[in-house]
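Residue 667 is where the sequence shown starts when you use my numbering, and the numbers rise one by one after that. In this text, a Cβ means the ideal position worked out from N, Cα and C, and glycines have one as well. As structure tokens, the structure follows; a few thoughts come after it.
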Amino acid sequence: MSEVIYCNDTRYPGPKAHPAPPAITGLPTQAELDAYPRMFTWGELKEIIMTGQLEELMRNKEMQFKYDQWSGGMKAKFGSTEKYLTQARLPFEQSPSQPAEPTYDLTTSLDQPHPLPSGLPTQDTEPQTPVSGSSTPASVGFVSLASLSLVNGKLTKSKSKSALSIASSPGEETGVTPEGKEAEEEEEHKVEYLRFDPEKGLDAEKYAVLPNDWPYNVPYGVRHFCVWSRIPIAHPHLVGYDPAAWAKIEDEGLGGFTGVTPLPPATITPPQSQFPSPPSSNDGSATPAGAVGRGKYQVELPKTEWYARDVMHGGREMRQWAGAQYESEGGKEVGKMVKGLWDERGWECLWFVNPPRLQSVPGFSHFHVFARRKTPEEIDAAESILTCKA
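Below, the structure is given as structure tokens:
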């Protein structure tokens, strides 16, 4: 994966990513990927992630065909996607074991996925999973590196506590002592799932950043990464064990934006005549320079303000998404990790965790990042705003 740099501006480099070793052949080059037409704009990708319609993300159809051919050879050599990842792709020293029980919440109404019998072709949904490995409808959900017995138990416990609280009158004792409450809080703190400490940075024993070897179709200048985790990512604890919130996550996944440069509301108000008509020259006179087109509204500005001025006079999509922030409920920890890996002053990122119905690699938690390197003009603007906020 080639690095994106504009005008030799190397401020805020991205995280260390593990490229495919030379022994893995047949992967597309960046030049080959760039030779295909773009299927989505940056704004369209934002809308897909914000609305939870992650199944709409895809590769170019010919690229998908090539991926399917390559995937068949990979499976023939390694036996499965999991073995390919553990033996050839992931940098972890020890491979986590397959979970002993399904890693989704059995108490929700979500249909539990079932593995396909061996030898049967995969379903039509297979090409629609944005990962570096093989897609399979037999995936078991988010927290795919650990048994969910504790999660299921705490969900049930949480519901029981809520019911008891509702059934009790305001002054009635519930039987929970201060010592018991403290023990419960300590137990919840021990629940293991993805958390990110900006002071400590990425724990290389738990997480690894890999470029997606077969990325989805994204705009030019955007790179698709997968962050693999040896511990669960989506966990009911993130939404306070709320059954409705957890069911929504299971159905739509998690997602968010990072690095969106805040802009004042007045900045995104378009001028009255955004696309002026060409001047008429029937009378032989010329319209004065600066009255229309590129010269209109032109003034000298500090370098930190040019981006905001471009947004003001940009197209509809640019103005629509300017300054638009988004993070799904339960996504705060993944969001913190993305911000820590791709500095918000230098990168705008869209990230998502596929829901169980789109999860692709049983046994490994991972989330996806579409990372867009900001232009020098955007970095100047972001430095003046985000640095001050920090």
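Give every residue of the same chain whose Cβ lies closer than 6 angstroms to the Cβ of Glu-1049, excluding the five residues on either side of it in the sequence, and list them in chain order. Same-chain partners within the cutoff: Arg-1011.
Which whole-angstrom value describes the C-beta separation of Gly-1001 and Ala-911, a residue pair presumed to lie in contact below a C-beta threshold of 8 angstroms? Actually they do not touch by this definition, with Cβ atoms about 16 angstroms apart.
Quick check on Thr-687: buried or exposed, where buried means 16 or more other Cβ atoms within 10 Å of its Cβ? The residue asked about is misnamed: residue 687 is Pro in this sequence, not Thr. It is exposed - the Cβ of Pro-687 has fewer than 16 other Cβ atoms within 10 Å.
Where Ser-737 sits in the DSSP three-state scheme: DSSP places Ser-737 within a helical segment (H, G or I) once states are collapsed to three.
What is the residue span of the beta strand (DSSP E) that Leu-920 lies within? From DSSP, the beta strand (DSSP E) with Leu-920 extends over 920-924.
Answer yes or no: do Glu-748 and Val-1027 have a C-beta to C-beta separation smaller than 9 angstroms? Taking 9 angstroms as the cut-off, the beta carbon of Glu-748 is found closer than this to the beta carbon of Val-1027.
Assigned secondary structure, Val-1027 (DSSP; H/G/I helix, E/B strand, else coil): Looking at Val-1027 - three-state DSSP - the assignment turns out to be coil, as it is neither helix nor strand.
Proximity below 9 angstroms, CB of Arg-725 to CB of Pro-881: Yes. Within cutoff.
Can you tell me whether Asp-1046 is buried or exposed? The criterion is at least 16 other CB atoms within 10 Å of its CB, across all chains shown. Looking at its Cβ environment, which holds 16 or more other Cβ atoms inside 10 Å, Asp-1046 is buried.
Based on the DSSP secondary-structure assignment, which residues constitute the bridge partners of Pro-877? The partner list for Pro-877 (beta bridge, DSSP) reads Phe-891.
Which of the three DSSP states, helix, strand or coil, is assigned to Phe-1036? Judged by DSSP in its simplified three-state form, Phe-1036 adopts strand.
Could you check whether Glu-999 and Lys-1040 sit closer than 9 angstroms to each other, using their CB atoms as the reference points? Cβ distance not < 9 angstroms, so Lys-1040 and Glu-999 don't count as in contact.
Would you report the Cα separation of His-1034 and Thr-924, rounded to the nearest angstrom? Answer to the nearest angstrom: the Cα atoms are 13 angstroms apart.
Determine the DSSP secondary structure at Glu-669, reduced to helix, strand or coil. If DSSP states are grouped into helix, strand and coil, Glu-669 belongs with coil.
DSSP bridge partner residues for Val-1019 (one or two, in chain order): Answer by DSSP bridge pairing, in chain order: Leu-920.
Closer than 6 angstroms by C-beta to Met-740: which residues in its own chain qualify, once you throw out the five before and the five after it? Chain order, please. Residues of the same chain with a CB within less than 6 angstroms of the CB of Met-740, apart from the 5 flanking positions on each side, are Tyr-750 in chain order.
Between the CA atoms of Cys-673 and Pro-1042 - distance to the nearest angstrom: Rounded to the nearest whole angstrom, the CA to CA distance from Pro-1042 to Cys-673 is 8 angstroms.
Assess, as a yes-or-no matter, whether the region 857-876 is touched by the region 888-907 under the definition of 3 or more beta carbon pairs within less than 8 angstroms. The region 888-907 is in contact with the region 857-876.
Option in Glu-865, Val-893 and Tyr-992 with minimal Cα separation from Thr-927: Comparing Cα-Cα distances from Thr-927 to each of Glu-865, Val-893 and Tyr-992, the minimum goes to Tyr-992.
What span of residues does the alpha helix (DSSP H) with Thr-747 cover, start to end? Per DSSP, Thr-747 belongs to the alpha helix (DSSP H) from 747-750.
Measure from the alpha carbon of His-1032 to the alpha carbon of each residue in Arg-975, Val-1019 and Gly-738, then state which is nearest. When only C-alpha atoms are compared, the closest one is Val-1019.
Tell me the DSSP secondary structure of Trp-987 in three-state form. Per DSSP, reduced to three states, the secondary structure at Trp-987 is helical.
By how many angstroms is the C-alpha of Pro-1021 removed from the C-alpha of Leu-904? Between Leu-904 and Pro-1021, the alpha-carbon positions lie close to 15 angstroms from each other.
Once the 5 residues before and after Ile-690 are set aside, which same chain residues still bring their CB inside 7 angstroms of it? Hits under 7 angstroms: Ala-754.
Just mark His-890 as buried or exposed, buried being the case when its beta carbon has 16 or more other beta carbons within 10 Å. Taking a 10 Å sphere around the C-beta of His-890, we find 16 or more other C-beta atoms and assign the residue as buried.
Close Cβ partners of Pro-864 (< 6 angstroms) along its chain, the five nearest in sequence each way excluded: Excluding five sequence positions before and after Pro-864, the CB atoms of its chain that fall closer than 6 angstroms to its own CB belong to Gly-1006, given in chain order.
Report buried or exposed for Asp-700, applying the criterion of at least 16 other Cβ atoms within 10 angstroms of its Cβ. Exposed is the call here.
In its own chain, which residues sit with a C-beta less than 8 angstroms from the C-beta of Gly-867, not counting the 5 before and 5 after it? Taking C-beta separations shorter than 8 angstroms and ignoring five residues to either side along the sequence, the partners of Gly-867 in its chain run Gly-1006, following chain order.
So, helix, strand or coil for Ala-686, using DSSP? Coil, per DSSP.
Do you know offhand how far Met-705's Cα is from Asn-883's? Cα to Cα, the separation comes out at about 6 angstroms.
Cutoff 7 angstroms; reference Leu-967; Cβ partners in own chain excluding five residues on either side: Counting only residues of its own chain and dropping the five nearest sequence neighbours on each side, Leu-967 has a CB closer than 7 angstroms to the CB of Arg-975.
Grab the span of the alpha helix (DSSP H) containing Arg-975 for me, first residue to last. Segment 972-978, the alpha helix (DSSP H) holding Arg-975.
When you compare each of Arg-1038, Glu-971, Lys-969 and Leu-1052 to Ser-668 by their alpha carbons, which one comes out closest? It is Arg-1038 whose Cα lies nearest to the Cα of Ser-668.
Would you say Val-965 reaches chain D, if we count a Cβ-Cβ gap shorter than 9 angstroms as a contact? Annotation note: the requested chain D is absent from the structure, which comprises a single protein chain.
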